[in-house]
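Asks: Have a look at this one before I ask anything.
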Amino acid sequence: MKRALSEEEGSVIPEYVMVLTVLIFVLLALIQFVFAIHVRSILVDSAAEGARRAALMKSTDAEGIALTEQLVSSALVDNYASNVAIEHVNLDGLAAVRVTISAPLPLIGLIGPDSQLTVSAHAVEEEQFLTQGRTP
1 MKRALSEEEG SVIPEYVMVL TVLIFVLLAL IQFVFAIHVR SILVDSAAEG
51 ARRAALMKST DAEGIALTEQ LVSSALVDNY ASNVAIEHVN LDGLAAVRVT
101 ISAPLPLIGL IGPDSQLTVS AHAVEEEQFL TQGRTP
């Protein structure tokens, strides 16, 4: 019995190091996952604001794209979402603007494969409300 105890003596430190290493990697993966969700939320919000700007009566598509790129650049890094597209679509009989952003999927920090994260947002064009006698 005494011999079995002496064989395990001193094994706590290597065990602690191995378990701690696994826990650190799990924690880092969790932090990166939360960060990726945060980046997606920023992109969705920026696309929505750009769609709202482009949907205004006296606004242009270029203004919507510029605002979207400015919001993404100020929240993340410059030129993170370099692929911003605007198209005019029909949503349930109403003319609308759709802003689509393609950006890298952040796997390590903000580094990741290009155009793997695509988000879009819609806004009904303001003139739809004026022609139907409604207020936005």
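1 is the number of the first residue of the sequence shown in UniProt numbering; add one for each residue after it. Glycine included, every Cβ here is placed at the ideal spot set by N, Cα and C.
(1) If you reduce the DSSP assignment to three classes, tell me which class H122 lands in.
(2) Consult DSSP for V77 and reduce its assignment to one of helix, strand or coil.
(3) Please state if the CB of S46 and the CB of V77 are separated by a distance shorter than 8 Å.
(4) Take S82 as the anchor and find which of L117, A54, V89, R53 has the nearest alpha-carbon.
(5) Identify the continuous alpha helix (DSSP H) that holds I24 and give its terminal residues.
(6) May I have the straight-line CA-CA distance separating A96 from P104, to the nearest angstrom?
(7) Tell me whether L117 sits in a helix, a strand or coil according to DSSP, three-state version.
(8) Could you check which residue in I86, E69, D61 has the C-alpha nearest to that of I42?
(9) Going by beta carbon distance, what residues of the same chain come within less than 7 Å of S59, once the five residues before and after it are set aside?
(10) If we call anything under 8 Å between Cβ atoms a contact, is V17 one with A121?
(11) Does the beta carbon of E125 fall short of 7 Å from some heavy atom of the ligand GTP?
(12) Could you name the residues of the same chain whose beta carbon sits closer than 7 Å to that of D61, not counting the 5 residues immediately before and after it, in chain order?
Replies: Judging by the given coordinates:
(1) The residue labelled residue 122 in the question sits at position 122 within the sequence shown. Assigned with DSSP and collapsed to three states, H122 falls in strand.
(2) As a first step, residue 77 is located in the sequence shown; it is residue number 77 there, counting from the start. Note: V77 maps to coil in three-state DSSP.
(3) As a first step, residue 77 must be located in the sequence shown, where it is residue number 77. As a first step, residue 46 must be located in the sequence shown, where it is residue number 46. For V77 and S46, no; Cβs fall outside 8 Å.
(4) Numbered from 1 along the sequence shown, position 82 holds the residue referred to as residue 82. By alpha-carbon distance to S82, the top candidate from L117, A54, V89, R53 is L117.
(5) Counted from its first residue, the sequence shown places residue 24 at position 24. Where I24 is concerned, the enclosing alpha helix (DSSP H) starts and stops at 12-55.
(6) On the sequence shown, residue 96 is found 96 positions in, with the first residue counted as 1. On the sequence shown, residue 104 is found 104 positions in, with the first residue counted as 1. Answer to the nearest angstrom: the Cα atoms are 26 Å apart.
(7) Indexing the sequence shown from 1 puts residue 117 at position 117. Looking at L117 - three-state DSSP - the assignment turns out to be strand.
(8) Numbered from 1 along the sequence shown, position 42 holds the residue referred to as residue 42. Out of I86, E69, D61, E69 has the C-alpha closest to the C-alpha of I42.
(9) Taking the first residue of the sequence shown as 1, we reach residue 59 at position 59. Within the same chain, S59 has close Cβ partners R53.
(10) Looking up residue 17 in the sequence shown gives position 17. Looking up residue 121 in the sequence shown gives position 121. No; because the gap between Cβ atoms is not below 8 Å, this pair is not in contact.
(11) Among the ligands in the structure shown, none appear at all, so the ligand GTP cannot be discussed.
(12) Stepping through the sequence shown from its first residue, residue 61 is reached at position 61. Within the same chain, D61 has close Cβ partners A54, I86.
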